[in-house]
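Trainee: My questions all concern the structure below.
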Amino acid sequence: MAIFPKSEAELRQEQRKIYIASGAAFLSCAAVLGAAHFLLPRIIEFPADGLESRLTFLAGANLLLVMWVLIGVGMVARGRRHSADDIGGSAYSRPSPKIAVAAAFLQNTLEQFVIAAFSLSALLMLLGAPAMPFIAASVLLFGVGRISFLLGYPKGAGGRAFGMAVTLLPSLAAFVLAIAFMIARL
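Throughout, my numbering is defined as the position within the sequence shown, counted from one, plus 1292.
Rendered as structure tokens:
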């Protein structure tokens, strides 16, 4: 069952949990993305730079990202099939407690997928092959983030904050880098 702060003190305590978890996510992302930048090109031969290579690499990355959306769709569909309260669909009622977490996971994963797919695509198109290790690590972090978000969801905002931040931070970094490279080209 979800944890909801009932007082200002409990709200501040939950906010502290969010800040701590987000800080841990930031450090984790920085470590993974940094290691990917320095180590992956030494152990993996990424495709040569060129439009076809970029698009092929991007297709693989996006397929791995959309896999999490498919997992969320499957969780909600399975839950609906097994719940008399939910089988009618979302047009007729809010999700019951039986599928509420799955529906929230799906909604957040879809939002995160859109941000990640567009940001990583833009970064790869603007930067080229040097972005491939960053994108590979971002896809890994997306999966870690989704699992952490789902497992932490029943523990409230502080419980899901690490997963939320691990999912979002690489996409946010890709967005900022892509904007910077685009501006630099002008």
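Note that the Cβ used here is the ideal one computed from N, Cα and C, for glycine as well.
1. Would you say the stretch 1357-1374 touches the stretch 1394-1408, given that touching needs at least three Cβ pairs under 8 Å?
2. Measuring straight from C-alpha to C-alpha, what distance separates K1298 and P1339?
3. Look up G1435 in the DSSP assignment and say whether it is helix, strand or coil.
4. If I'm right that A1408 touches F1434 with Cβ under 8 Å, what's the distance once you round it to whole angstroms?
5. Take the Cβ of D1378 as the centre, count every other Cβ of all protein chains shown within 10 Å, and call the residue buried at 16 or more, exposed below.
6. For H1374, which option in A1383, V1358, G1342 and I1391 has the closest C-alpha, if you only look at C-alpha atoms?
7. Note down the Cα distance separating L1343 from K1309, rounded to an integer number of angstroms.
8. Can you confirm whether the stretch 1466-1477 touches the stretch 1317-1331 when touching is taken to mean that 3 or more C-beta pairs between the two stretches lie within less than 8 Å?
9. Distance check for A1369 and A1353, CA to CA, integer angstroms please.
10. Helix, strand or coil for L1296, going by three-state DSSP, please let me know.
11. Hey, how far is the Cα of M1293 from the Cα of Y1445?
12. For P1482, which three-state DSSP category applies?
13. Write down the C-beta distance between L1416 and F1349 rounded to the nearest angstrom, noting that I regard them as a contact closer than 8 Å.
14. Just to check, is the beta-carbon of V1368 closer than 7 Å to a non-hydrogen atom of the ligand ATP?
15. Taking just the CA atoms, how far does F1405 sit from V1358?
Mentor: On the basis of the coordinates in this document:
1. These segments touch.
2. Spanning the two alpha carbons is a distance of roughly 53 Å.
3. The DSSP-derived three-state label of G1435 is helix.
4. Correct: roughly 6 Å between the Cβ atoms.
5. The residue is buried, with at least 16 neighbouring Cβ atoms inside 10 Å.
6. Out of A1383, V1358, G1342 and I1391, I1391 has the C-alpha closest to the C-alpha of H1374.
7. Approximately 44 Å between the Cα atoms of the pair.
8. They do not touch, by the three-pair rule.
9. So the alpha carbons of these two residues sit roughly 25 Å apart.
10. What sits at residue 1296 in the sequence shown is Phe, not Leu. In this structure, DSSP gives F1296 a state outside helix and strand, which the three-state scheme calls coil.
11. Residue confidence is low: M1293 scores 41 on pLDDT, short of 50, so the model does not pin down where it sits. No coordinate-derived value is stated.
12. Since the first residue of the chain shown is 1293 and the last is 1478, residue 1482 is not available in this structure.
13. Going by Cβ atoms, the distance from L1416 to F1349 rounds to 7 Å, so yes, they are a contact pair.
14. With respect to the ligand ATP, the structure shown offers nothing to examine, as it has no ligands at all.
15. C-alpha separation (whole angstroms): 7 Å.
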